[in-house]
Amino acid sequence: MKPSSVLPLLWVSIPLILFGCETEVIRKQQEEIRQQEAEIKKLRQDIEEENAAKKMEEQRAQACNVAFRSFEKAQAGGDSRDDAALYREGLKLCPDDDVAHYELGKILAGMGRSDEAREEFQAALKINPNFQGAKQELEKINRR
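Just so we're aligned: 126 in this note's numbering is position 126 of the sequence shown, and the numbers increase by one with no gaps anywhere.
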């Protein structure tokens, strides 16, 4: 092959090789972009979930604040039936308050409603397994 005939072939081959390399670079960049977009989407979902969880926690805290007013009224009260009703009302809003379950259990035990009292002490212990007062009250009921 003459050098003059190789030169046109080189001029045609070099752009094709460069185009092939460029196409591969573009393909890799497009894949990186797709991965980054997927990561961004996941991060946005995580943020939305975190915001929703925060909102739920704020709502729960507000409900518990309302419930605490009922618990305080029950502690200041003097009528066991009314006090029990106030604790139940508060526990509907704030069901994870171990002390409220304990206090309701004591009221119910004092009213002779041992089965209901047992349930309340057990609920307190489910929330807080180290709650000694609830353990002691539960033992008292179980000895009867």
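All C-beta atoms, glycine included, are put in the ideal place defined by N, C-alpha and C.
- Between the C-alpha atoms of residue 126 and residue 80 there is a straight-line separation of about 24 Å.
- Residue range 114-127 is occupied by the alpha helix (DSSP H) that includes residue 121.
- Contact between residue 90 and residue 71 holds: CB atoms are separated by about 5 Å, below the 8 Å threshold.
- For the pair of segments examined, the stretch 84-102 was found to touch the stretch 62-70: the number of CB pairs separated by less than 8 Å reaches three.
- Contiguous alpha helix (DSSP H) elements confined to the stretch 69-114 occur at 80-93, 98-110, taking only those with 4 or more residues.
- For residue 130, the secondary structure class from DSSP, reduced to helix, strand or coil, is coil.
- The C-beta distance from residue 100 to residue 108 rounds to 12 Å, too long to fall under 8 Å, and the pair is not in contact.
- At the C-beta level, residue 103 and residue 74 come within 9 Å of one another.
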